[in-house]
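For reference, the structure discussed in these notes is given below.
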Amino acid sequence: MPSASAASPVSSAPTAVRGSWGRDLLLLTLALSVWFGLFLGSRPLNNPDEGRYTEIPREMAATGDYVTPRLNGVKYFEKPPLVYWLSALTFEVVGPLTGTNGVNEWTARFWGAAFALAGGLMTYAAGRALYGRATGWWAALVASSCILYYGLSRIILLDMVVGVTMAGALFAFIVGVREAAGPRRRWLFMAFYVCMALATLTKGLIGFLLPCLVAFTWLLVFNQWKALRPCYPVVGALVLLAITVPWHVLAALRNPSVDGLVWPGYAHGLELHHAGQDPGWMWFYFVREHFLRFTTTEHGRFEPAWFFLPVLVAGLFPWVVFAWQSVRHSLAGGWRERGRHLEAWFLVLWIVLIVAFFSKSQSKLITYISPVFPAAAVLIGHYLAKAWAERSGRGLRAGLWVFAGLVFVLAVAAAVYPLPAKQAALAPQLLPWRFFVGTVLAGGALAVILCLRRGTVRGALISLGVTCVLFFASANLVAGLFDDRSTKPFAAVLKSRLQPSDALYVVSDYAQDLPVYTARTVSVVNYAGELQYGIEAEPEKTASRFIKTAAFLVRWREPGVAYAVVRTAGYKQLFAAAGLPFTVIAETPRYVLVVNRSPNP
C-alpha cells in the first residue's frame, strides 16, 4: 500500500484527468438515472414492506410529527427515521405541485433508487481512486447490475440506504488513509463519520459498529496504525454525535415507559415487555430491536449459520461467475504479498466480516448483507478491467461459459417450469412473458457461446450485459403479477364512495398498503402483529381501533356505512354465521371488499 504521503490519482491528476472525472460522473449519473428510474412506479406497492415504509412517512407528513414514527396511527419504533424523513419531505414537496398528498409508487420508491444511483457513483469513485479509471467504470457497472442490488433499488426497504451509507463510510476510510494530511484527507474522513451517522439513523447501531469493526480489524491485522494518522477523531465524533443524538434524545424524552421512566432498566423493562406494557422507546429500541434481535429468535427470523453464503452467491448474479478469479487476481501472491495488496485485503475483510456478523445473528433476512456488494463490485471490476484490456484470459472465458450454462438453464425453466398452484390463474397473462424471458435468456446464452467460439471475449461480455439488462427489466415489469396482496384495486373503488364518516376495517389481517392508498388510518379486527407494541403503548388511543371479532360484528350492525377488507377464504362464513348483511363490491385473489349497506351517493 502506498504510504500516507503518496497521492491518490485524484490529488495528482492534471486538468485533463480532473475533467475526465467530471465527464465520467455525468455520464454515469445519466445512465444510472435511467437504469434505476425506468418503470419505478409501474407496480403497486408490495405488502407488507412497501406498504409499511410508505405509510409511516405519509403519517409523518400528515401530522407534522417527525420524532415519533407511527404506523396506522400507533407508535412504531423498530427502525430509526432517516428514510421516513426523506420520504415524508418528498411527499410534502411533491404534494402541492401535483394537487395531491404527494404519495404514489414513484415518489415512495424514489429514495431507494436515488441511493442506488449514489452507490453506483460512489463505487466508481472508489474503484478509480484505488485502481484506476477502467476499474471505476467496471465497478460501477457490476454494482448497479448485481441482481440483489438492482432488486433493492426497486423496492422500499431500508437496506439499500444502509448498505450505501455504510459502503460510503468504508470507501471514504480506505481512500482517506492513502492521502497525505491536508484538506482532501480531512474531507474523506469527514465523509467517513457522516456516512456512519447516516447509516446509524437508517438502521441503528450497526451503522457505525460494522464500519468501525472492518476498519479496526484491517488496521490491526496489517499493522497500519501509522496510516491512520491523522484521522480527526474529535471533530469526527462531534459530527457523528451532532447528526445522531438529537433524534435519539427527543424520541426517548417524548416516549417514556408506562411508569414515566426514560430508561426503566433492563430487568424492569423486560418485565413490562412481557406483561404487555410499554417499556418506553429507549428500552424497546436498544434492547428489543438491537440486543434481543441479534441474540434471540424473538423476531421469528432464524436461519442456519450458512444462510448468507448462497444469498451472496445468488445476489452477485451475473458477475458471480468472475468472483473467484477476481479474488485471486486482487490478492496475487497470497498472504506473503499482502503488503502489495492492502486495499484488496480491506475489501475482502469488508465482505467477510459483515457476512460473518450477520451469520452469527439469530435474526436473518436476505437483504441484511447489502453493504458487501459495493466492495465485491470493486474487486470484480478490477479483474474485468484487466481482462477487458487484455482481451483474453482462461478465467474470463471460464466465467463466460458458466454464465452461458446458467442462463440456458434459466431459459428452460422459464419455458417449462410449472407455476405454483396459487398462481395457476395467471398462466394466460404470463405466457407471453415466459416466452419473452425464455427467448432473452436463450438468446443471451447463444450470443455468449458464439462470441467465445469466435474468440471475441469483449463481445461475450457485452452479450452478458445486454442479456441481464433485458432480463432485469422484464422481471421488474412482470413482478407485480405475482403479488396478490395489493389493495390498490379497492382504493380505486373506494375513491368515489368512502366518506370521512364511514368506517373502514381490515379483518384478521393488516393490509399495509390500504392506509396509503386511502390516505387514512384503518381499524383492525382481531390482529396485532408488528403493531402490538404501539397498541399496548397507548391503550387509551388504540382500544377503539384495534378490536376483537365480537366487537366488530356489533359495530357492523350499527347505523352508518362501514367497509371491510376480509380474506377471501372464510368471509362468507364470518358474516353468515352472525346473520350480518354484506355486499361484495370488489375482489382480488386474496381479499374481498364488502360494505354493510348502500354507500353514500
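Oh and the sequence shown: position 273 is 282 in this note's numbering, straight run, nothing missing.
The beta-carbon is built from N, C-alpha and C at its ideal position, and this holds for glycine as well.
Note that the structure is a prediction, hence the values are computed from the model and not measured.
Within 10 Å of its beta-carbon, does residue 179 have 16 or more other beta-carbons around it, so buried, or fewer, so exposed? Counting from one through the sequence shown, the residue named residue 179 turns up at place 170. Counting Cβ neighbours within 10 Å, residue 179 comes out buried, since at least 16 surround it.
CA-CA distance, residue 284 and residue 276? Your numbering for residue 284 matches position 275 in the sequence shown. Your numbering for residue 276 matches position 267 in the sequence shown. When rounded, the distance between both Cα atoms is 12 Å.
Please name the residue, chosen from 505, 377 and 358, that lies closest to residue 367 on a Cα-to-Cα basis. In the sequence shown, counting from the first residue as 1, residue 367 sits at position 358. That would be 377, whose Cα lies nearest to the Cα of residue 367.
May I ask which residues mark the beginning and end of the alpha helix (DSSP H) holding residue 448? Taking the first residue of the sequence shown as 1, we reach residue 448 at position 439. Note, residue 448: alpha helix (DSSP H), 436-462.
Any chance the segment 489-498 sits against the segment 513-526, with 3 or more Cβ pairs inside 8 Å? yes
Pick from 594, 346 and 206: whose alpha carbon is nearest that of residue 89? Working through the sequence shown from its first residue, we reach residue 89 at position 80. Closest by alpha carbon: 206.
Three-state secondary structure (DSSP) at residue 270? For the purposes of this step, residue 270 is identified with residue 261 of the sequence shown, where counting begins at 1. Residue 270: coil per DSSP, three-state reduction.
Inter-residue spacing [alpha-carbon to alpha-carbon] between residue 157 and residue 369: One-based indexing of the sequence shown puts residue 157 at position 148. One-based indexing of the sequence shown puts residue 369 at position 360. Their backbone Cα atoms lie some 21 Å apart in a straight line.
Going by DSSP, what residues sit across from residue 603 in a beta bridge? Walking along the sequence shown from the start, residue 603 turns up at place 594. Answer by DSSP bridge pairing, in chain order: 573 and 593.
Straight-line CA distance for residue 154 to residue 474? Taking the first residue of the sequence shown as 1, we reach residue 154 at position 145. Taking the first residue of the sequence shown as 1, we reach residue 474 at position 465. Spanning the two alpha carbons is a distance of roughly 8 Å.
In angstroms, rounded to a whole number, what distance separates the CA positions of residue 242 and residue 513? As a first step, residue 242 must be located in the sequence shown, where it is residue number 233. As a first step, residue 513 must be located in the sequence shown, where it is residue number 504. Rounded to the nearest angstrom, the two C-alpha atoms are 53 Å apart.
Leaving out five residues on either side along the sequence, give the residues of the same chain with a beta carbon under 7 Å from the beta carbon of residue 552. As a first step, residue 552 is located in the sequence shown; it is residue number 543 there, counting from the start. Result list for residue 552: empty, nothing under 7 Å.
Is residue 595 near residue 499, with beta carbons less than 7 Å apart? Mapped onto the sequence shown, residue 595 falls at position 586. Mapped onto the sequence shown, residue 499 falls at position 490. Yes, Cβ-Cβ distance for residue 595 and residue 499 is below 7 Å.
Would you call residue 394 buried or exposed, if buried means 16 or more other Cβ atoms sit within 10 Å of its Cβ? Indexing the sequence shown from 1 puts residue 394 at position 385. When all chains shown are included, residue 394 counts as buried.
Three CB pairs or more closer than 8 Å across the segment 264-279 and the segment 287-297: yes
Count the other CB atoms, across all protein chains shown, that sit within 10 Å of the CB of residue 68; report buried if there are 16 or more and exposed otherwise. The residue labelled residue 68 in the question sits at position 59 within the sequence shown. By the neighbour-count rule (16 or more Cβ atoms within 10 Å), residue 68 is buried.
Contact check, residue 360 vs residue 380, beta carbons under 7 Å: For this step, residue 360 is matched to residue 351 along the sequence shown. For this step, residue 380 is matched to residue 371 along the sequence shown. Contact flag unset, no.
Which residues bound the beta strand (DSSP E) around residue 532? Locating residue 532 in the sequence shown gives position 523, counting from the first residue. Start and end: 532-534.
With DSSP run on the structure shown, which of helix, strand or coil describes residue 555? For the purposes of this step, residue 555 is taken as residue 546 along the sequence shown, with counting starting at 1. Strand.
Continuous alpha helix (DSSP H) stretch holding residue 3: start and end: Because the chain here runs from 10 to 610, residue 3 falls outside it and cannot be looked at.
Give every residue of the same chain whose Cβ lies closer than 7 Å to the Cβ of residue 312, excluding the five residues on either side of it in the sequence, and list them in chain order. Position 303 of the sequence shown holds residue 312. Only 373 meet the Cβ criterion.
Give the range of the alpha helix (DSSP H) segment to which residue 585 is assigned. Your numbering for residue 585 matches position 576 in the sequence shown. Residues 580-586.
Nearest-angstrom Cα distance between residue 306 and residue 58? Within the sequence shown, residue 306 is the residue found at index 297, counting from 1. Within the sequence shown, residue 58 is the residue found at index 49, counting from 1. Rounded to whole angstroms, residue 306 to residue 58 spans 20 Å at the Cα level.
Just to confirm, is the Cβ distance from residue 129 to residue 39 under 7 Å? What you label residue 129 is simply residue 120 of the sequence shown in a count that begins at 1. What you label residue 39 is simply residue 30 of the sequence shown in a count that begins at 1. No, the pair does not count as a contact, with Cβ atoms beyond the cut-off.
Residue 116 versus residue 46: straight-line alpha-carbon distance, rounded: Along the sequence shown, read from residue 1 onward, the residue named residue 116 stands at position 107. Along the sequence shown, read from residue 1 onward, the residue named residue 46 stands at position 37. Rounded to whole angstroms, residue 116 to residue 46 spans 11 Å at the Cα level.
Identify which residue in 584, 580 and 587 has its Cα closest to the Cα of residue 7. Past the edges of the chain, shown from 10 to 610, lies residue 7, and the structure says nothing about it.
Kindly examine the ligand PLP and report whether one of its heavy atoms sits closer than 6 Å to the Cβ of residue 62. Only the bare structure without any ligand can be found here, which leaves the ligand PLP out of the picture.
At what residues does the beta strand (DSSP E) containing residue 516 begin and finish? Looking up residue 516 in the sequence shown gives position 507. Residues 512-516.
Just mark residue 232 as buried or exposed, buried being the case when its beta carbon has 16 or more other beta carbons within 10 Å. Looking up residue 232 in the sequence shown gives position 223. With fewer than 16 other Cβ atoms within 10 Å, it is exposed.
What number of angstroms, rounded off, separates the C-alpha of residue 11 from the C-alpha of residue 44? Within the sequence shown, numbered from 1, the residue matching residue 11 stands at position 2. Within the sequence shown, numbered from 1, the residue matching residue 44 stands at position 35. Any reading at residue 11 must be qualified, since the residue scores a pLDDT of 41, below 50, and its modelled position is unreliable; the value itself is stated next. Taking the straight line joining both Cα atoms gives about 36 Å.
Give a yes or no on contact between the segment 453-472 and the segment 555-573, applying the rule of three or more CB pairs nearer than 8 Å. no
Residue 165 beta carbon less than 7 Å from that of residue 121: For the purposes of this step, residue 121 is identified with residue 112 of the sequence shown, where counting begins at 1. For the purposes of this step, residue 165 is identified with residue 156 of the sequence shown, where counting begins at 1. In contact: residue 121 and residue 165 (Cβ atoms closer than 7 Å).
When DSSP labels each residue in this structure, what does residue 373 get in the three-state scheme? By 1-based counting over the sequence shown, the position of residue 373 is 364. It is coil, neither helix nor strand.
Cβ contact (3+ pairs, closer than 8 Å) linking the segment 442-450 and the segment 409-427: yes
Any chance you could list the alpha helix (DSSP H) runs of at least 4 consecutive residues sitting entirely within the segment 245-300, in chain order? 275-283
Do you know how far the Cα of residue 110 is from the Cα of residue 16? Locating residue 16 in the sequence shown gives position 7, where the first residue counts as 1. Locating residue 110 in the sequence shown gives position 101, where the first residue counts as 1. For residue 16, the pLDDT reaches just 39, beneath the cut-off of 50, and the residue's location in the model is therefore unreliable, leaving the point undetermined.
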